[in-house]
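Enquirer: Shown below is the structure under consideration.
Number of protein chains: 4
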Amino acid sequence: MTAGRTGPKAVNTTFFSEMLQSIADRGRALIQRREPARERSAGLVELCEALLSGRGEASGVALASDILARYEDLTIGPRTAFFETLATTFGPDRKRVDAAIAAWQKAPSDQAANELHHASEPRRLELFRRLNLAPGGTKALVRMREQLMDAMDLRDDLAVIDSDFVHLFSSWFNRGFLVLRRIDWSSPAIVLEKIIRYEAVHQIRDWEDLRRRIDPPDRRCYAFFHPALVDEPLIFVEVALTRETPAAIAPILAGKRDEVDPERATTAVFYSITNCQRGLAGVSFGHFLIKQVVEELSREFGRVSTFVTLSPAPNFAVWLKRERGNAASLVLDEDDRTVLGALDDPQCWRVPEIAERVRDPLLRAAAWYYVRGRNRRGLPLDSVARFHLGNGARLERLNWPGDTSERALAQSYGLMVNYLYDLGYIEKNHEAYAQQHAVVAASAVTRLVHAPVREVVPVSG
Amino acid sequence: MTAGRTGPKAVNTTFFSEMLQSIADRGRALIQRREPARERSAGLVELCEALLSGRGEASGVALASDILARYEDLTIGPRTAFFETLATTFGPDRKRVDAAIAAWQKAPSDQAANELHHASEPRRLELFRRLNLAPGGTKALVRMREQLMDAMDLRDDLAVIDSDFVHLFSSWFNRGFLVLRRIDWSSPAIVLEKIIRYEAVHQIRDWEDLRRRIDPPDRRCYAFFHPALVDEPLIFVEVALTRETPAAIAPILAGKRDEVDPERATTAVFYSITNCQRGLAGVSFGHFLIKQVVEELSREFGRVSTFVTLSPAPNFAVWLKRERGNAASLVLDEDDRTVLGALDDPQCWRVPEIAERVRDPLLRAAAWYYVRGRNRRGLPLDSVARFHLGNGARLERLNWPGDTSERALAQSYGLMVNYLYDLGYIEKNHEAYAQQHAVVAASAVTRLVHAPVREVVPVSG
Amino acid sequence: MTAGRTGPKAVNTTFFSEMLQSIADRGRALIQRREPARERSAGLVELCEALLSGRGEASGVALASDILARYEDLTIGPRTAFFETLATTFGPDRKRVDAAIAAWQKAPSDQAANELHHASEPRRLELFRRLNLAPGGTKALVRMREQLMDAMDLRDDLAVIDSDFVHLFSSWFNRGFLVLRRIDWSSPAIVLEKIIRYEAVHQIRDWEDLRRRIDPPDRRCYAFFHPALVDEPLIFVEVALTRETPAAIAPILAGKRDEVDPERATTAVFYSITNCQRGLAGVSFGHFLIKQVVEELSREFGRVSTFVTLSPAPNFAVWLKRERGNAASLVLDEDDRTVLGALDDPQCWRVPEIAERVRDPLLRAAAWYYVRGRNRRGLPLDSVARFHLGNGARLERLNWPGDTSERALAQSYGLMVNYLYDLGYIEKNHEAYAQQHAVVAASAVTRLVHAPVREVVPVSG
Amino acid sequence: MTAGRTGPKAVNTTFFSEMLQSIADRGRALIQRREPARERSAGLVELCEALLSGRGEASGVALASDILARYEDLTIGPRTAFFETLATTFGPDRKRVDAAIAAWQKAPSDQAANELHHASEPRRLELFRRLNLAPGGTKALVRMREQLMDAMDLRDDLAVIDSDFVHLFSSWFNRGFLVLRRIDWSSPAIVLEKIIRYEAVHQIRDWEDLRRRIDPPDRRCYAFFHPALVDEPLIFVEVALTRETPAAIAPILAGKRDEVDPERATTAVFYSITNCQRGLAGVSFGHFLIKQVVEELSREFGRVSTFVTLSPAPNFAVWLKRERGNAASLVLDEDDRTVLGALDDPQCWRVPEIAERVRDPLLRAAAWYYVRGRNRRGLPLDSVARFHLGNGARLERLNWPGDTSERALAQSYGLMVNYLYDLGYIEKNHEAYAQQHAVVAASAVTRLVHAPVREVVPVSG
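Residue numbers (our numbering), protein chains in the order written: chain A, 19 to 479; chain B, 19 to 479; chain C, 19 to 479; chain D, 19 to 479.
Structure follows, in structure tokens:
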């Protein structure tokens, strides 16, 4: 047994941590550069060809920087034209594809497949890789995809580029290259302002509101970063440490509240998860983030053993409204539909008697929505449910009214959901979901799913 | 004009630099783990399949760690068997390839090419990407390729895996993700010991020898690092600041010497460039490193304006020996061959009169070797020359005897070469080399290239 | 000439920089600790005695922490009582003083003086040093002095303690231990919020306002920190890079303004200097800060060669009001007094004709105030003038109206002053000021100082 | 209960940690500066006077740097002359002392004592404080004291300066300003080489030897640093994690040995403690270091509950030799003296039978030496014993032969001692030692202390 190979070992990692500094500096360099626009867009395509050619090897960094700077100066029209060119001119070399196919069909072999693979690779993939030579290249490419996505709203022929981006970013933003960082009141303002800006679930009003989310001892916020995107969080999660599973969001976000001694907390509540980079859509980080945060919290707080979300139900109101209007509903009988008519006034929850009457049929309907409801692909109707169930969480509890913000009332009549991450069952739950689309739910939820009002016909969504 | 977009700006980048810490910690974690081997290798392939399947999504990190740990425990036999399986079982899905070909042939389109590309991607590529989920995954994969290269010495059928590794690593180790770091006496011992170990050109004997290379004010050492390989330099270069272009290595490495005030230095001499990671062979960093170091030095030392190498000539002796024995040599006439007979004693340089006589024909031969000599692919005969000329450097001067170490005498009879990096000409030189295989050389060198001894027949190498 | 001793040398200092981390952690530890108060104050004095006795050596850290925690829980009454005890019981050992005097008088010697010095040292000084063993001790002691200063407003007998604090802090906060840090948008929020809170000259309204001061490329902010006070700036200065010496503050603080390319700036304007720690009053940092910032900026921006302040005149209005009401004023004649009557409406500057009429007599009076006016100790009347002139700056220009904020109008009728830091003259100016209380002023200012209205009688203030 | 005041909280401390960087840079700056010496020493005293006068305020940093540079260039003669001047000219202002005495004798008061204190402060103390303004000032002052100590070997009149240094450094190097850092294989070479150089107890032969001490998972090394001395450890301790209390040093230092899984270790052995800075003699760090390391290890390794030293007995051989030659010894009877005659050959431990015979009387004598032996001041005879017993440790076990290195045989015939740090008893032990000079020892040791050979006469040492 040799030294350095046995047992855990904490090391001084400062040297290595300093490395990022230069990436950070480079990352910002590009953005700051700003010369008169002139005819920057001119010859953009020619420059791309030059970068792909041998010339790129000698002065690739400068060339890549130049291309990105010119690209950045494009207005919408020329930009779309550039995307078109990427789609048409920078696709695969068709002659090479045909030759590779001929070789394969003559004698299928790994080598032949290899050539097929390389021949069919669009040239723009290599172009993107070379553009990444530029300082700030990664950030610029992520932005380029955002703009591509905008352009795709209007055009169908650009999807091939998008597919290449997803492929490339999935490799570059491999979880092995991501870094988990705690966000707190000692974090740089340049990062914090992005948390304020990006938070998508429960809006952060201002810096004081932010401080309430990250500074108290019973609050945590974690984000994934990528070394080449420095001050840009990729995804972050906000966590409250509590002594029980919460049923509503308001007490968690309250300005005045009793703090919980984190040493006595038993429960970690993930009450907001936000993807920050639209340009990285399709590259999934969420389940890695949740799992690593669960690990971190377990290590730091010995008593915290329940990991649960407090989640929105973004698609519930649309569905329920339809069922309420559907005389042939499998879910709601006539009485239910009558009682739930109260929801036509979204503020009905304020009147205790009404709320009392509405709650039961609403929760039964919600249970059906989550447990039985399926979309065309056979998956649960709710996008948030698909995310957490796909991660191996269990549908734990339905809460009404859980969120009485205007937005939540509009989306879900105020329904909120707890999903439980029980480490011992995550893999099993995930398997059940992945293979049979099974929704694993607590009995408190399944109990609410009555026999259907009528004979069940094939599940629809 | 908005804030933050104008002009250069130095920022506090500590927050971001800390990110790497966790990567570093993770990077070391894997290596230290060491449980009894048991039947770790058992089921390795099954685990790989599991990682590629849906199960990977739920517990991918653990699964990837487990696979890498088991792999690490394999002895040579089972390891080669594992590579075989990678080559055969984890290639592309042939049925999908055939279907994609059919679709393409029916209607060639970008989408069809895209499917062709994905279908012909070997499954092991995605396997490697998922193995990278494990802490220390990148390091483990680089090592895996090293072992693959060893196995390839004996087997021909593994080259397809190697090709995939090169493809993957070229994307991951894109220059945009590399970080330049100065190596000095304040660097961590764990990095410095690697500089000692890896130095391939002029051996570093011990820590005192190392200190002489990196600590004096007229010495510099720079390396590229990758965030996920933390304490492993990828490539490094050793630099001496001088007041003239040196003709021999001994004065640079001397234990006792007069230091040069770096503020008064005019010349930066790159006297050793070492690739550290055998597992990254084929992914080129060298020219990026040299160019960035040139930039760094220019910024730091205003007076340094000459950037030049002092390089070995690793393939010269073999070639010269052959020419010396070749009565029909185009390069050496009979007189030359007689005089150069003195080289049969490698220590002949010690006798001034002999050295005096040998120098002229030797340098003429060397000039021919560099300027006219070509290998089968039409490229210069010397591997080091190909590297620097390909980078756009100019062949500046030939020096003899430049290195009288035993190894250098054996490789090159002690010949050393200066290549000049003249920023104003790098691109032009590179183009000339890349397109016409032209060797750009100083007139002091070309002047030495006499008309051939006999009629020139097609260039050979 | 040996390695490491020649020429400048940049080193990797990460290892050393990490050191502070533990100080920082310790620094925060104390503050967070918060157990029920109970009878914490009980026995405080006994514990102090124990800490001074031998017991302190064995468990000093714990004891010091305990004392500081109990002290922190004291309400005003008991706290004042504690200060009383510090003043009376923890003074010097009088017997020892008398003995030392006797020895000295018998045979004056350095040893005898040494004993005299130690004997007359109040015991509380050693107590303070030992309290500093506690995590966060330095911060707690600085706070203790703040509370002492409050108590001193009501009591005369506590000044001896204050004098000891000044003595101790002058040694601990020696400039050699201070660290200059740039404050920018990448700084931690926990530091930035203190900049917002402490700014005393030109109030920072909110985070957006702060960002306008520190983030644009033509703005800089620097602060001194002490390793043991971690996230507490001691003093900070706000700087604007401009192309000319500004005459008014509003354009500098404006929300919308044209940024200056810092590479083209010629002038650095120090427009706000704020001492942050009331508990460090009497320990001066200001001139060190200005001088080091001048150095930093010179190094970073080659073209910046004018270093000038834009300063308030905090005591001017009081003085001028008195002169205006003084029929026997040496400064104002009757006409002046009549015209300056307009100042009874502080907003009179808004009416162009009035402003036009007021400006001349006001500036003449101001010139007199600065150049001739003296307080009882023979020093200039204005506290800000004393600071900058004492630093060796020159009174460069008087501007009216320079600051039309309510506060500035009340303090100085809106007058602002430029002091010039001309590196070549700083020492000479300082000497003139220090030895002869001479006010070095630009001729544009001295020219305004007319012969006195009447015969000069002895200078008064 | 407000946010930020409850419960422990880990914060991102990067910003703060970066502060040290500038200190570090400044710390190195001075040393590297090296201009031709010329008449640097000329006017040194005049410059010191200037620094103490007002001029110091304007250009103090430059002046201080200049003085330290000139001082550094002094050869021994002029340096001693400079010290003389410091002793004579820079003492207290005697007139002011006499006046202060007069005031005190007229009316003794705290204010009068205060003036007495300040008046009797030697002027050189303020000089030293102002010299600390220079970059690298602290380091230079520590070195100055080293040279003062050398000079004191020859002169008696310089002790007053030394006393001032101790006073000043005790304040500056207050434990509250020290930082504990782990030293491992990731530490900078510039620090590690100092560990090699300074290790005083068990010599470190080379870098491989060093690595064996700090890199294996069952080894730890910790040092105290001061922010202003950056890459200079003040004191360090080497620790071995074991499963039992070791009786000899060789197995701990062995090149080949079985490592202990640190998770299974029960015992932390402090086997070497080294003070690094001769210039800080008299400022004690040792007990703080041991106590903080005990805390660190307790936190990191749950099972480690025994903290024990393996210490030398540096003064034992001298004492035993004397007793052996003393026919009237109270400790050794004639038989003992005969048997112990074998120790005349220091290698006698190699012969098993002799070792067997020697061990018992030797250990009995050693027990007496430690438990009963006292020096003139009534303290234990052994300096290492005084250190550990003063820290509150218990004399746990005597081991022979524990260290068979040449040096150890000469100092102690190879005796080694375990002192136990039992956290529950440290304060009690310390009190007993501090107040009654009691040696707290394990019964295994006290049992060895036989009744004295003869009637006990007053204890001597």
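Idealized CB from N, CA, C, for every residue including glycine.
1. When you compare only the Cα positions, how much space is there between Leu62 of chain C and Arg88 of chain C?
2. Do Phe325 of chain C and Ala286 of chain C have their C-beta atoms closer together than 7 Å?
3. At what residues does the beta strand (DSSP E) containing Glu414 of chain A begin and finish?
4. I'd like the list of long-range same chain contacts for Pro110 of chain D, defined as Cβ closer than 8 Å, with 5 residues on each side in sequence excluded.
5. Go ahead and label Lys124 of chain B buried or exposed: buried means 16 or more other beta carbons lie within 10 angstroms of its beta carbon, across all protein chains shown.
6. Which full runs of the alpha helix (DSSP H) of 4+ residues lie inside the stretch 184-232 of chain B, going along the chain?
7. For Thr156 of chain C and chain D, any beta-carbon pair shorter than 7 Å?
8. Quick check: Pro370 of chain A and Gln429 of chain A, are their CB atoms within less than 7 Å of each other?
9. Specify the secondary structure class of Ala459 of chain C as computed by DSSP and reduced to three states.
10. Please state whether the Cβ-Cβ distance between Phe254 of chain D and Ala246 of chain D is less than 7 Å.
11. I'd like to know whether the C-beta atoms of Ala360 of chain A and Tyr431 of chain A end up nearer to each other than 7 Å.
12. Which of helix, strand or coil does DSSP assign to Arg425 of chain D?
13. Counting C-beta neighbours from all protein chains within 10 Å, is the total for Lys274 of chain D 16 or more, i.e. buried, or is it exposed?
14. By the 10 Å Cβ neighbour count, where 16 or more other Cβ atoms means buried, how is Gly78 of chain A classified, buried or exposed?
15. Name, please, each residue of chain B whose Cβ falls closer than 9 Å to the Cβ of Trp367 of chain D.
16. Put Tyr289 of chain A into one of helix, strand or coil per three-state DSSP.
17. Is the CB of Leu350 of chain D under 7 Å away from at least one CB in chain B?
18. Could you tell me the distance, in whole angstroms, from the CA atom of Ile49 of chain A to the CA atom of Leu252 of chain A?
19. Counting only Cβ-Cβ distances shorter than 7 Å, please list the residues of the stretch 190-222 of chain D near chain B, keeping chain order.
20. In or out: Leu441 of chain A buried (at least 16 other Cβ within 10 Å) or exposed?
21. If you draw a straight line from the alpha carbon of Leu198 of chain D to that of Leu307 of chain D, how long is it in whole angstroms?
22. Tell me the DSSP secondary structure of Ser329 of chain D in three-state form.
23. Output the boundary residues of the alpha helix (DSSP H) element that contains Ala121 of chain A.
24. For Leu399 of chain D, which residues does DSSP report across the bridge?
25. Between which two residues does the beta strand (DSSP E) holding Val357 of chain C run?
26. Could you check which residue in C:Ala452, C:Cys366, C:Pro419, C:Trp337 has the C-alpha nearest to that of Leu399 of chain C?
27. Count the CB pairs spanning the stretch 80-98 of chain A and the stretch 97-113 of chain B that are closer than 8 Å, and state whether there are at least three.
28. Can you name the residues that DSSP bridges to Thr324 of chain D?
29. Quick check: the Cα distance between Ser189 of chain C and Asp236 of chain B, rounded to an integer number of angstroms?
30. Show which residues of chain D have a CB atom less than 9 Å away from the CB atom of Ile491 of chain C.
31. Can you look up Thr260 of chain C in the DSSP assignment and give me helix, strand or coil?
32. When the Cα atoms are used, what is the spatial distance from Thr260 of chain A to Val322 of chain A?
33. Since Tyr437 of chain D is in the beta strand (DSSP E), which residue starts that stretch and which ends it?
34. Show which residues of chain C have a CB atom less than 7 Å away from the CB atom of Asp279 of chain D.
Expert: Well, looking at it:
1. 7 Å
2. yes
3. 412-417
4. Ala137, Ser138, Glu139, Pro140, Arg141
5. exposed
6. 207-216, 225-232
7. yes
8. no
9. strand
10. no
11. no
12. helix
13. exposed
14. buried
15. The contacting residues do not exist; Trp367 of chain D stays about 35 Å from chain B at best.
16. strand
17. no
18. Because Ile49 of chain A sits at a pLDDT of 38, beneath the cut-off of 50, its placement in the model cannot be relied upon, and the point is left open.
19. Trp203, Ser204, Ser205, Pro206, Ala207, Ile208, Leu210
20. exposed
21. 8 Å
22. strand
23. 112-124
24. In the DSSP output, where bridge partners are listed per residue, Leu399 of chain D has none listed.
25. From DSSP, Val357 of chain C is part of no beta strand (DSSP E) but of the alpha helix (DSSP H) over 352-358.
26. C:Trp337
27. no
28. D:Thr285
29. 39 Å
30. Because chain C in this structure spans residues 19 to 479, residue 491 of chain C falls outside the shown range and cannot be described.
31. strand
32. 9 Å
33. 434-438
34. Within 7 Å Cβ-Cβ: nothing; Asp279 of chain D doesn't reach chain C, min ~27 Å.
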